[in-house]
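> A single structure is presented below for examination.
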Amino acid sequence: MSKKYDVYGLGNALVDLEFQVNDQFLYDHKVKKGLMTLVDEATQFRLINAINQNDLVRKSGGSAANSVIAVSQFGGSSFYSCKVSNDEYGDFYLKDMNDAGVDTNLDGKSRDEGVTGKCLVMITPDAERTMNTFLGATTNLSVKEVDERAIKDSKYIYLEGYLTPSNSGVEAMKLAKKIAEENGVKTSLTLSDPSIVQAFKAQFEDVIGPSVDMLFCNEDEAMTFTGKDNLQEAREALKKEARQFAITMGKNGAMIFDGDTFIDIEPYAVKAVDTNGAGDMFAGAFLYGITNGMTMAAAGKLASLASSKVVSQFGPRLKTHEVQRLLHDLK
Numbered sequence: 001m002s003k004k005y006d007v008y009g010l011g012n013a014l015v016d017l018e019f020q021v022n023d024q025f026l027y028d029h030k031v032k033k034g035l036m037t038l039v040d041e042a043t044q045f046r047l048i049n050a051i052n053q054n055d056l057v058r059k060s061g062g063s064a065a066n067s068v069i070a071v072s073q074f075g076g077s078s079f080y081s082c083k084v085s086n087d088e089y090g091d092f093y094l095k096d097m098n099d100a101g102v103d104t105n106l107d108g109k110s111r112d113e114g115v116t117g118k119c120l121v122m123i124t125p126d127a128e129r130t131m132n133t134f135l136g137a138t139t140n141l142s143v144k145e146v147d148e149r150a151i152k153d154s155k156y157i158y159l160e161g162y163l164t165p166s167n168s169g170v171e172a173m174k175l176a177k178k179i180a181e182e183n184g185v186k187t188s189l190t191l192s193d194p195s196i197v198q199a200f201k202a203q204f205e206d207v208i209g210p211s212v213d214m215l216f217c218n219e220d221e222a223m224t225f226t227g228k229d230n231l232q233e234a235r236e237a238l239k240k241e242a243r244q245f246a247i248t249m250g251k252n253g254a255m256i257f258d259g260d261t262f263i264d265i266e267p268y269a270v271k272a273v274d275t276n277g278a279g280d281m282f283a284g285a286f287l288y289g290i291t292n293g294m295t296m297a298a299a300g301k302l303a304s305l306a307s308s309k310v311v312s313q314f315g316p317r318l319k320t321h322e323v324q325r326l327l328h329d330l331k
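If you use UniProt numbering, the sequence shown corresponds to residues 1 to 331, in order.
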C-alpha cells in the first residue's frame with residue numbers, strides 16, 4: 001500500500017538567525033565555538049544586539065526541519081511535527097514550512113501564546129558554525145504534537161536528537177517510535193551534536209531501545225555515543241544500536257553500514273564557507289533516496305553531493321532549483 005509521506009519528522013521548531021562573526025567575537029562573549037549551547041532569551045538577545053545585523057539570514061529551522069524540507073525539495077513528500085507560538089516568528093515558521101511543501105501538525109490549528117524558539121547561528125571565517133539556542137515554545141513539545149495518522153501514512157520517521165534534553169520531548173520521541181514500529185514504519189534517528197550526546201546519552205539509549213532502523217551521526221558523535229576513541233571501534237559498536245547507519249566524515253566523505261557491509265561514500269571537494277546544515281542535508285537527501293527507489297550507495301552519493309553544496313554557501317538549505325539540479329547531475 002502506498003504511503004502519503006516519505007518521511008515524518010519530529011523535532012524542534014526554531015527560526016534560524018544566521019550571522020557571520022570572527023573568533024574574537026566568540027571569545028569576547030564567552031561563546032563555546034563549534035557547539036550548540038542552550039541559552040536563555042536574555043543571553044540570545046544580548047548576542048544579537050552585539051552583532052552587525054545587516055547580513056541577517058532568517059529561515060525556518062531546527063535540525064529535523066531542515067532534513068524534511070530537503071526531502072520535499074528533492075521531490076519527495078514530508079510531514080513535520082513541532083511546536084511554535086502564536087507570535088510573529090511562529091507565523092513566519094508556519095508559512096516557510098508550507099512554502100517548502102511540508103505538511104505540519106500546525107496546519108489549521110490554533111497555537112498557544114508564548115515565544116517561538118530561535119537559534120542564533122554564528123559562522124566564523126573557517127566555516128565553523130556555533131549555535132546558541134533559545135528553545136522557547138519548543139521546550140514544551142510533547143506527545144500532544146505527535147501525529148499518529150501522519151506516522152502511519154509514512155515510510156520512515158526521523159527523530160531529532162536535540163529533543164533529548166526535554167523529558168516531554170523524549171516521551172514524544174518514544175511514542176512516535178512506538179506508533180511507527182506497531183505499524184510497520186521504519187524509524188531513523190540523528191545524534192545531532194557531540195555535546196548533546198555526552199550530556200544526554202541515557203535519554204538517547206531510552207529512545208533507541210533495542211535498536212533503530214537507521215542512525216545518522218558524524219565521527220565525533222559516533223565515538224562519544226559508543227565511548228570508543230577511534231572510528232573503527234565506534235562503527236562496530238553502532239551495529240548494536242542500529243540495523244543500518246551513516247557516519248559523515250566531513251572532507252573525507254561518509255561511510256554507510258547497510259546491515260551487512262560498509263560502503264565508502266566519496267567526498268566532493270569544495271571550499272567550505274558554512275558547515276551549518278550539512279548533516280541535516282545529508283540525512284534529508286539520504287532519506288529521500290532510500291524512500292524513492294535508490295540503493296543505499298546511490299543515496300549516499302546524492303547525500304554527499306548535496307551536503308557539499310550546502311557547505312559551499314551560507315545558510316543551512318539550498319534553493320529548490322539547486323536541489324533539482326543535483327538529481328539531474330547524478331543521472
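Backbone N, C-alpha and C fix where the C-beta goes; we use that ideal spot for every residue, glycine too.
Please name the residue, chosen from 119, 212 and 231, that lies closest to residue 57 on a Cα-to-Cα basis.
The shortest Cα separation from residue 57 among 119, 212 and 231 belongs to 119.
> What is the DSSP secondary structure of residue 100, counted as helix, strand or coil?
It is coil, neither helix nor strand.
> To which residues of the same chain is residue 50 closer than 7 Å at the C-beta, ignoring the five residues directly before and after it?
The residues are 29.
> Is residue 115 closer than 8 Å to residue 101 when the C-beta atoms are compared?
Taking 8 Å as the Cβ cut-off, residue 101 and residue 115 do not qualify as a contacting pair.
> Should residue 194 go down as buried or exposed, given a rule of 16 or more other Cβ atoms within 10 Å for buried?
That one is buried.
> So which of 13, 221 and 155 has the shortest CA-CA distance to residue 92?
The option with the nearest alpha carbon to residue 92 is 13.
> Round the Cβ separation of residue 246 and residue 200 to the nearest angstrom and send it over; I've been treating them as touching at under 8 Å.
Wrong, their Cβ atoms sit about 21 Å apart, outside the cutoff.
> Please say whether residue 243 and residue 259 have beta carbons closer to each other than 8 Å?
Contact flag set, yes.
> Taking a contact to mean a Cβ-Cβ separation below 8 Å, would you say residue 215 touches residue 175 in this structure?
For residue 215 and residue 175, no; Cβs fall outside 8 Å.
> Starting from residue 1, follow the beta strand (DSSP E) in both directions and report where the run begins and ends.
Unbroken run through residue 1: none, as it is neither H nor E.
> Measure how close the beta-carbons of residue 130 and residue 35 come, nearest whole angstrom, since I'm counting them as under 8 Å.
That belief holds up - the Cβ atoms of residue 130 and residue 35 are roughly 7 Å apart, short of 8 Å.
> Could you tell me which uninterrupted alpha helix (DSSP H) segments, each at least 4 residues in length, are contained entirely in the segment 245-328, listed from first to last along the chain?
Fully enclosed alpha helix (DSSP H) runs of 4 or longer: 278-291 and 296-311.
> Smallest Cα separation from residue 309: which of 297, 77, 324 and 298?
It is 324.
> Beta-carbon separation of residue 172 and residue 212 under 8 Å?
No, the pair does not count as a contact, with Cβ atoms beyond the cut-off.
> Hey, would you say the C-beta of residue 50 is under 7 Å away from at least one heavy atom of the ligand GTP?
This structure lacks the ligand GTP, and indeed carries no ligand of any kind.
> Should residue 192 and residue 160 be called a contact, given that it needs their Cβ atoms to be closer than 8 Å?
A contact, by the Cβ cut-off of 8 Å.
> Relative to the C-alpha of residue 117, which residue among 183, 134 and 106 is closest?
Nearest option by C-alpha distance: 134.
> Does the segment 1-21 touch the segment 68-78, meaning 3 or more C-beta pairs lie closer than 8 Å?
Verdict: yes, contact present.
> Of the residues 46, 73, 97 and 72, which one's Cα is nearest the Cα of residue 15?
Checked all of 46, 73, 97 and 72; the closest Cα to residue 15 is 97.
> Would you mind listing the alpha helix (DSSP H) stretches within the segment 26-90 that are 4+ residues and don't spill past its ends, in chain order?
The segment 26-90 contains these whole alpha helix (DSSP H) runs: 41-50 and 63-74.
> DSSP has residue 188 in a bridge; who is on the other side?
DSSP lists 158 and 214 as partners of residue 188.
> From residue 73 to residue 319, what distance separates their C-alpha atoms?
Looking at the two C-alpha atoms, the distance is approximately 8 Å.
> Report yes if the CB atom of residue 66 is closer than 8 Å to the CB atom of residue 280, and no otherwise.
Closer than 8 Å, so yes.
> Give the straight-line distance between the Cα atoms of residue 177 and residue 24, rounded to the nearest whole angstrom.
Cα-Cα distance, rounded: 43 Å.
> Kindly indicate which three-state DSSP category residue 243 falls into: helix, strand or coil?
Three-state DSSP puts residue 243 in a strand.
> Measuring only the C-alpha atoms, how far is residue 296 from residue 271?
Cα to Cα, residue 296 sits roughly 26 Å from residue 271.
> To the nearest angstrom, report how far apart residue 145 and residue 268 are at their CA atoms.
If I take the Cα positions, the gap works out to 38 Å.
> With a CB to CB cut of under 8 Å and the five nearest residues on each side skipped, what residues in its chain are close to residue 304?
Closer than 8 Å at the Cβ level, and outside the excluded window around residue 304, lie 253, 254, 265, 266, 267, 268 and 282.
> Rounded to the nearest angstrom, what separates residue 122 and residue 62 at their Cα positions?
If I take the Cα positions, the gap works out to 15 Å.
> Of the choices 152, 168, 112 and 149, whose alpha-carbon is the least far from that of residue 139?
Answer by Cα proximity: 168.
> With DSSP as the reference, please indicate the residues paired to residue 228 in a beta bridge.
Answer is none; residue 228 lacks a bridge partner.
> With a floor of 3 residues, list each beta strand (DSSP E) that falls wholly inside the segment 103-144, ordered by position along the chain.
For the segment 103-144, whole beta strand (DSSP E) runs of length 3 or above, ordered along the chain, are 116-123 and 129-136.
> Per DSSP, which residues does residue 18 bridge with? Please list them.
Note: residue 18 sits in a beta bridge opposite 57 and 121.
> For residue 9, which of helix, strand or coil comes out of DSSP?
Residue state, collapsed to three classes: strand.
> Exposed or buried, what is residue 22 when buried is set at 16 or more other beta-carbons lying within 10 Å of its beta-carbon?
Residue 22 should be labelled exposed.
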